[in-house]
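Residue numbers (the working numbering): 6 to 271. This report concerns only the one structure given below.
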Amino acid sequence: MKVTLRDGEWLPVFFCYLSCPICLDIFKDPVMLASEDLCSLHSEKLKLFCLDHQEPVCVVCRDSKKHTNHRFRPIDEAAQEHKKKLQETLEPVKKNPVILDPNTAYPVLFLSEDLTCVTRGEEQQLPDNPERIDSYWSVLGSEGFNSGTNSWDVHVGDSTYWGLGVLAECGQRKGHIRSGCWLIWFIDGEYKAGSPSHPVTELSVKKNPQRIRVNLDCNRGELSFSDPDTNTHIHTHIHTHTHTFTERMFPYIITGNKLKILPEKI
6 MKVTLRDGEW
16 LPVFFCYLSC
26 PICLDIFKDP
36 VMLASEDLCS
46 LHSEKLKLFC
56 LDHQEPVCVV
66 CRDSKKHTNH
76 RFRPIDEAAQ
86 EHKKKLQETL
96 EPVKKNPVIL
106 DPNTAYPVLF
116 LSEDLTCVTR
126 GEEQQLPDNP
136 ERIDSYWSVL
146 GSEGFNSGTN
156 SWDVHVGDST
166 YWGLGVLAEC
176 GQRKGHIRSG
186 CWLIWFIDGE
196 YKAGSPSHPV
206 TELSVKKNPQ
216 RIRVNLDCNR
226 GELSFSDPDT
236 NTHIHTHIHT
246 HTHTFTERMF
256 PYIITGNKLK
266 ILPEKI
């Protein structure tokens, strides 16, 4: 027996015991079945879990013909195993909240109070601190990533000048950025991609997306871009030097208009 949990994914019915029936969040404490959780057939306590049928059973069910030659685990032991598997299943699809770092913003860029929206305006007098980017109307995210899969959505709307990607922690911040940068951009009606190993690649995008999803897989060394509204892949960078992003990679945004990082979703 199975149930559907989030985004149409099929998971064993036993996962119902590991999560809240309303919000589907995983319980943090070990799962223990209450005394009133009885077998509907035999009115015995559900002390076992059938690995073959993926369901809790009682001792009478275990000895029945239906479960001949099946494998069983104590209910609390199976709960911990499934809780771990469920957490591993859900973890890759969690999206990381990204906020922008005002100390890295090019002087013509203005950030919203919540640091999720950036707009181009008149140049400001700002300190030329080491982390500030002084080209391309750019700004970085406040947190860098060097492990796992990290994803964020950016609303580009009808902007005619933007770039999205990542910049390595050791990447160049001053002058023409040539190192440690992986990105795609839309300028003068053309989509292009650039990275240290492939400076410029022209991209074929049939329809201008309103949103861009940036997905950074540090372990596999991949940075991909897609249109989440149409589920259309746009481009993937592969970090060919070491096949993984081992140093921290910071979300990188360029805009000549206005861009907004959208709230995280699961």
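No residue lacks a Cβ here, since even glycine has one placed at the ideal position from N, Cα and C.
For this session: Counting only the same chain and skipping the five closest in sequence on each side, list residues whose C-beta sits under 8 Å from that of Asp68.
Result: Along the sequence shown, read from residue 1 onward, the residue named residue 68 stands at position 63. No residues qualify anywhere along the chain.
Problem set entry | Ala83 (DSSP reduced to helix, strand or coil) | Numbered from 1 along the sequence shown, position 78 holds the residue referred to as residue 83. It is helical.
For this session: Could you spell out where the alpha helix (DSSP H) holding Cys66 opens and where it closes?
Result: Working through the sequence shown from its first residue, we reach residue 66 at position 61. Per DSSP, Cys66 belongs to the alpha helix (DSSP H) from 64-67.
Problem set entry | Rounded Cβ spacing between Arg216 and Leu169 (contact assumed at less than 8 Å) | Position 211 of the sequence shown, counted from the first residue, corresponds to residue 216. Position 164 of the sequence shown, counted from the first residue, corresponds to residue 169. The pair is not a contact, with the Cβ atoms about 11 Å apart (cut-off 8 Å).
Exercise. Pairing CB atoms from the region 224-238 with CB atoms from the region 130-145, are three or more of them under 8 Å?
Worked result: no
Problem set entry | Residue burial classification, Asn74 (beta-carbon count within 10 angstroms, cutoff 16) | In the sequence shown, counting from the first residue as 1, residue 74 sits at position 69. It is exposed - the Cβ of Asn74 has fewer than 16 other Cβ atoms within 10 Å.
For this session: State the start and end residues of the unbroken beta strand (DSSP E) segment that holds Val113.
Result: For this step, residue 113 is matched to residue 108 along the sequence shown. Val113 -> no beta strand (DSSP E), and no H or E assigned at all.
For this session: State the start and end residues of the unbroken beta strand (DSSP E) segment that holds Glu127.
Result: The residue given as residue 127 occupies position 122 in the sequence shown. Segment: none, Glu127 is in no beta strand (DSSP E) and carries neither H nor E.
Exercise. Which residue's Cα is closest to the Cα of Gln129: Cys122, Leu116, Thr121?
Worked result: Position 124 of the sequence shown, counting from 1, holds the residue named residue 129. Of the candidates Cys122, Leu116, Thr121, the one whose C-alpha sits nearest the C-alpha of Gln129 is Leu116.
Exercise. Helix or strand or just coil, what does DSSP make of Lys50?
Worked result: For the purposes of this step, residue 50 is taken as the residue at position 45 of the sequence shown. Of the three classes helix, strand and coil, the one that applies to Lys50 here is strand, per DSSP.
Problem set entry | Distance between Gln59 and Glu86 (C-alpha atoms, nearest Å) | Along the sequence shown, one-based indexing puts residue 86 at 81. Along the sequence shown, one-based indexing puts residue 59 at 54. Between Glu86 and Gln59, the C-alpha separation is close to 12 Å.
Exercise. Does the beta-carbon of Val171 have 16 or more other beta-carbons within 10 angstroms, so that it is buried, or is it exposed?
Worked result: To locate residue 171, count along the sequence shown from 1; it is residue 166. Burial call: buried.
Exercise. Going by C-alpha distance, which of Asn224, Phe77, Arg218 is nearest Asp232?
Worked result: Within the sequence shown, numbered from 1, the residue matching residue 232 stands at position 227. It is Arg218 whose Cα lies nearest to the Cα of Asp232.
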